[in-house]
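Colleague:
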Amino acid sequence: MGVRKQNMAKQLKEARKQVAFAKLTNCPTSPRKMRLVADLVRGVEVEKALQILKFSSKEASINLEKLLLSAIANWQAKNEDASIEEAGLFVKTICVDSAGMLKRLRPAPQGRAHRIRKRSNHVTLELGSKNIESK
């Protein structure tokens, strides 16, 4: 491997160290309901986001709280020597996409049937560090 390629690989590795991902797939909540909770924590610092999710009455907040804790653990695994308070972690992006649907039939009047769509979603959460980005 050439020197230029090695330098670029090192830069990419350092850039990835400051960002942590967590993904939640096939969560049995409709994407619309999950987006309502995701909008509350987008761009918010990690400590404040955990408090918002903990005291939210929505059921989707339970799954997002677990996902946020998982992303924090992923960040700590990459940066073992750094502390969360000094890094200034915040929710950089949170993306809610629709997943597969379970289609069921419900009896309707006069021998007909109505289709019930049980929706699910995928959530991708990315943490960023404010102190590192400002440098």
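Converting from the sequence shown to our numbering requires adding 1205 to each position, the first position being numbered 1. Backbone N, C-alpha and C fix where the C-beta goes; we use that ideal spot for every residue, glycine too. What you are looking at is a predicted structure, and each value in this text was computed from that prediction instead of being measured.
Are the Cβ atoms of alanine 1292 and asparagine 1336 separated by less than 7 Å?
Modeller: By one-based count along the sequence shown, residue 1292 stands at place 87. By one-based count along the sequence shown, residue 1336 stands at place 131. For alanine 1292 and asparagine 1336, yes; Cβs fall inside 7 Å.
Colleague: How about cysteine 1232 and asparagine 1268: are their beta carbons less than 7 Å apart?
Modeller: Residue numbering aside, residue 1232 sits at position 27 when the sequence shown is read from its first letter. Residue numbering aside, residue 1268 sits at position 63 when the sequence shown is read from its first letter. Yes.
Colleague: Going by Cα to Cα distance, which pick from Gly1316, Val1328, Gln1256 and Lys1238 is closest to arginine 1302?
Modeller: The residue labelled residue 1302 in the question sits at position 97 within the sequence shown. Reading the sequence as shown, one finds aspartate at residue 1302 and not arginine. Closest by alpha carbon: Val1328.
Colleague: Does alanine 1287 come out as helix, strand or coil in the three-state DSSP assignment?
Modeller: Walking along the sequence shown from the start, residue 1287 turns up at place 82. Three-state result, alanine 1287: coil.
Colleague: Indicate whether serine 1334 and glutamine 1256 have their beta-carbon atoms separated by less than 7 Å.
Modeller: As a first step, residue 1334 is located in the sequence shown; it is residue number 129 there, counting from the start. As a first step, residue 1256 is located in the sequence shown; it is residue number 51 there, counting from the start. In this structure, glutamine 1256 does not lie closer than 7 Å to serine 1334 by Cβ.
Colleague: How many Å lie between valine 1208 and glutamate 1285 at the Cα?
Modeller: Position 3 of the sequence shown, counting from 1, holds the residue named residue 1208. Position 80 of the sequence shown, counting from 1, holds the residue named residue 1285. When rounded, the distance between both Cα atoms is 28 Å.
Colleague: Runs of 3 residues minimum, wholly inside the stretch 1222-1300: which ones carry the beta strand (DSSP E) assignment?
Modeller: Listed in chain order, the complete beta strand (DSSP E) runs (minimum 3 residues) inside the stretch 1222-1300 are 1225-1232.
Colleague: At the level of alpha carbons, what is the spacing between lysine 1323 and leucine 1330?
Modeller: As a first step, residue 1323 must be located in the sequence shown, where it is residue number 118. As a first step, residue 1330 must be located in the sequence shown, where it is residue number 125. Their Cα atoms are separated by approximately 23 Å.
Colleague: Determine the closest residue to glutamate 1270 out of Lys1283, Leu1245, Gln1281 and Leu1310, with distance taken between C-alpha atoms.
Modeller: What you label residue 1270 is simply residue 65 of the sequence shown in a count that begins at 1. Taking only the C-alpha atoms, the option nearest glutamate 1270 is Leu1245.
Colleague: What is the rounded straight-line gap between the Cα of asparagine 1212 and the Cα of lysine 1283?
Modeller: As a first step, residue 1212 is located in the sequence shown; it is residue number 7 there, counting from the start. As a first step, residue 1283 is located in the sequence shown; it is residue number 78 there, counting from the start. Each residue's alpha carbon lies about 20 Å from the other.
Colleague: Identify the continuous beta strand (DSSP E) that holds alanine 1318 and give its terminal residues.
Modeller: The residue labelled residue 1318 in the question sits at position 113 within the sequence shown. Unbroken beta strand (DSSP E) run through alanine 1318: 1318-1323.
Colleague: Find the nearest neighbour of valine 1251 within the set Ala1304, Ile1277, His1319 and Lys1210, judged by alpha-carbon distance.
Modeller: Position 46 of the sequence shown holds residue 1251. Residue Ile1277 is the option with its Cα nearest to valine 1251.
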